[in-house]
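*Asks:*
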Amino acid sequence: MSRSPATSSLLHQPRAVWAVAFAAVIAFMGIGLVDPILPAISAQLDASPTQAELLFTSYLLVTGLAMLVTSWVSGRIGARRTLLIGLGLVVVFAACAGAAGDVNTIIGLRAGWGLGNALFISTALATIVGAAAGGAGNAIILYEAALGLGIAIGPLLGGLLGEVSWRAPFFGTAALMAIAFVALLAMLRDDTTPRVRVPLRAPFSALRRERGLRRLAVTAVLYNIGFFTLLAYTPFPLGFGAIELGLTFFGWGVGVAVTSVWVAPLLTARYRRTSVLAVTLALLSADLLAAAAAAVASPAALVVCVVIGGLLLGVLNTVFTEAVMEATDLPRTVASSAYSSVRFLGGAVAPPLAAWLASQAGDWLPYTVAAAAVLAGAIVVRASRDLLARVDAHLAESPAVEAFAIAVGDAA
């Protein structure tokens, strides 16, 4: 059976496009790669759960801060150099983390990894769009495919390699990223993305002047407390081995990928974005309360809560970013940089906070606090409907805007 022209065009891409797409898969794998090995790191390096959770904190904190300057950097040195610097940093810091002998060193090295990932992810979509054959539509499909594969495969690969050693996922990531670096160096000869010079102060000015953007960023901080409590703390109460944790969060990653790519656009085409955000946040709060009960009573029930949480998180990631892009007349890169820099604060605080809360009263408390934070986020959205009126002005987005939202939303 012959392929349609669209399918043929999609598959027949320049080698540079495939190189960036491959690197994007590996970059997105890094989000959940560490999850299955957190208990092993804690046990073998004599680290408390709170210390182990700082692996997420350093990564997310530096990623958020780097988002403030990535547009400024790529506008001055070009997309190709930005991509290569980002990949190179991940290779170096991931390999060093695998060779490290104590948890504090790994925490510091994860910060460098976060810087590299921020530089790469913030530039990859624009590079693929500029180099792909068949127009932006094909580029978007390729990027979304890379994103979904990376988010789903990361925890599974972390679990498989973690069965060998907690060091293996770090070395595996470094090796794969090194291959991607060499491929990009050889295949991406020229910058296909125009340089857009963004003032260094632009994201800071956006947060100061745009009330709607500020309100969304605060809501996202509260939401990310729930997101990263579920993602980063859950390996400890589950008590599984690395492969079982990998399979659990593989299910989580599939849920995030499916709903972010397919379900979120369907919902925002029919309902107001603020309504989708408020209702889905309330549902996530209920899921976290169920996780609080399951953490004490049943590992199997907690696994179900994790997978359901992934489905809800995928919707929220995309719709939040769509809302941010419509909340202001600022360029999308500036708005997303300002928003992302703030929302990562919730993700940076949540993992060690969850471990500390559990040490005070038991595994139910982190999920209960996270549920309260997420519910507070839903209340903020409902209370800000007038301020966010322009977010609901357009119910449907172009494929390019949806892809940007999916990319930025899931980069966390």
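With UniProt numbering as the guide, the letters of the sequence shown map in order to residues 1 to 412. All residues carry an ideal CB built from backbone N, CA and C; glycine is no exception. Please read these numbers as outputs of a predicted model, since none were measured by experiment.
Do T259 and L312 have their beta-carbon atoms positioned less than 9 Å apart in this structure?
*Replies:* Start at 1 with the first residue of the sequence shown, and residue 312 comes out as number 312. Start at 1 with the first residue of the sequence shown, and residue 259 comes out as number 259. Yes, these two residues count as a Cβ contact at 9 Å.
*Asks:* If I'm right that A178 touches V306 with Cβ under 8 Å, what's the distance once you round it to whole angstroms?
*Replies:* In the sequence shown, counting from the first residue as 1, residue 178 sits at position 178. In the sequence shown, counting from the first residue as 1, residue 306 sits at position 306. That pair is no contact at about 32 Å.
*Asks:* Looking only at its own chain, which residues have a Cβ that is under 7 Å from the Cβ of W72, when we skip the five neighbours before and after it?
*Replies:* Reading the sequence shown from its first residue, position 72 is the one you call residue 72. The residues are V198, L200.
*Asks:* Pop quiz: A174 and A95 are said to be a contact at Cβ under 8 Å. What is the actual Cβ separation, rounded to whole angstroms?
*Replies:* As a first step, residue 174 must be located in the sequence shown, where it is residue number 174. As a first step, residue 95 must be located in the sequence shown, where it is residue number 95. Between A95 and A174 the Cβ distance is about 4 Å, and since that is below 8 Å, they are a contact.
*Asks:* Measuring only the C-alpha atoms, how far is M325 from A282?
*Replies:* Position 325 of the sequence shown, counting from 1, holds the residue named residue 325. Position 282 of the sequence shown, counting from 1, holds the residue named residue 282. Between M325 and A282, the C-alpha separation is close to 23 Å.
*Asks:* What distance in whole Å lies between the Cβ atoms of P366 and T248, which are believed to be in contact at a cut-off of 8 Å?
*Replies:* Residue mapping note: residue 248 aligns to position 248 of the sequence shown, counting from 1. Residue mapping note: residue 366 aligns to position 366 of the sequence shown, counting from 1. About 17 Å separates the two Cβ atoms, so there is no contact after all.
*Asks:* Excluding five sequence neighbours on each side, which residues of the same chain lie with their C-beta closer than 7 Å to the C-beta of L213?
*Replies:* For the purposes of this step, residue 213 is taken as the residue at position 213 of the sequence shown. Closer than 7 Å at the Cβ level, and outside the excluded window around L213, lie A206, L207, V324, A327, T328, A335, A338, Y339.
*Asks:* When the Cα of F181 is compared with those of V218, A16, T333, which residue comes out closest?
*Replies:* Here residue 181 refers to the residue found at position 181 of the sequence shown. Comparing Cα positions, the closest option is A16.
*Asks:* Beta-carbon separation of A217 and V342 under 9 Å?
*Replies:* Residue 217 sits at position 217 when you count from the first residue of the sequence shown. Residue 342 sits at position 342 when you count from the first residue of the sequence shown. Yes. Within cutoff.
*Asks:* Three-state secondary structure (DSSP) at F170?
*Replies:* In the sequence shown, counting from the first residue as 1, residue 170 sits at position 170. In the structure shown, F170 sits in a helix (DSSP, three-state: H, G or I).
*Asks:* Starting from R81 and walking both ways along the alpha helix (DSSP H), at which residues does that stretch end?
*Replies:* In the sequence shown, residue 81 corresponds to position 81, counting from 1. That run of the alpha helix (DSSP H) goes 79-99.
*Asks:* Which whole runs of the alpha helix (DSSP H) in the stretch 18-89 are 4 residues long or more, in chain order?
*Replies:* You should have 38-44, 49-67, 70-77.
*Asks:* Alpha carbon to alpha carbon, how far is G86 from A145? Give it in angstroms, no decimals.
*Replies:* Taking the sequence shown and counting its residues from 1, one reaches residue 145 at position 145. Taking the sequence shown and counting its residues from 1, one reaches residue 86 at position 86. Computed Cα separation, rounded: 21 Å.
*Asks:* Between the stretch 28-42 and the stretch 152-166, can you find at least three pairs of beta-carbon atoms closer than 8 Å?
*Replies:* Cβ pair count under 8 Å is three or more, so yes.
*Asks:* Nearest-angstrom Cα distance between Q360 and G226?
*Replies:* Position 360 of the sequence shown, counted from the start, is the residue given in the question as residue 360. Position 226 of the sequence shown, counted from the start, is the residue given in the question as residue 226. Rounded to whole angstroms, Q360 to G226 spans 19 Å at the Cα level.
*Asks:* Count Cβ pairs between the stretch 124-133 and the stretch 99-106 that sit closer than 8 Å; are there 3 or more?
*Replies:* No, because fewer than three Cβ pairs between the stretch 124-133 and the stretch 99-106 fall closer than 8 Å, the two stretches do not touch.
*Asks:* Could you give the DSSP three-state label for V256: helix, strand or coil?
*Replies:* By 1-based counting over the sequence shown, the position of residue 256 is 256. The answer is helix: DSSP assigns V256 an H, G or I state.
*Asks:* Would you check if there are 3 or more beta carbon pairs closer than 8 Å linking the stretch 57-67 to the stretch 102-120?
*Replies:* Verdict: yes, contact present.
*Asks:* When the Cα of V369 is compared with those of R382, N317, V381, A292, which residue comes out closest?
*Replies:* The count along the sequence shown starts at 1 and reaches residue 369 at position 369. Of R382, N317, V381, A292, the residue nearest in Cα terms is A292.
*Asks:* Could you tell me the distance, in whole angstroms, from the CA atom of A300 to the CA atom of D363?
*Replies:* Residue mapping note: residue 300 aligns to position 300 of the sequence shown, counting from 1. Residue mapping note: residue 363 aligns to position 363 of the sequence shown, counting from 1. Spanning the two alpha carbons is a distance of roughly 15 Å.
*Asks:* Using C-beta distances below 7 Å, list every residue in its chain close to R385, excluding the 5 sequence neighbours before and after it, in chain order.
*Replies:* As a position in the sequence shown, residue 385 is number 385, starting the count at 1. Correct list, in chain order: T274.
*Asks:* Please report how far the alpha carbon of A294 lies from the alpha carbon of L302, in whole angstroms.
*Replies:* Start at 1 with the first residue of the sequence shown, and residue 294 comes out as number 294. Start at 1 with the first residue of the sequence shown, and residue 302 comes out as number 302. So the alpha carbons of these two residues sit roughly 5 Å apart.
*Asks:* Hey, quick one: how far does the alpha helix (DSSP H) through F227 stretch, first residue to last?
*Replies:* Taking the sequence shown and counting its residues from 1, one reaches residue 227 at position 227. That run of the alpha helix (DSSP H) goes 211-228.
*Asks:* Between which residues of its own chain and P237 is the CB-CB distance below 6 Å, once the five residues before and five after are set aside?
*Replies:* The residue given as residue 237 occupies position 237 in the sequence shown. Excluding sequence neighbours, P237 sits near A295, D363.
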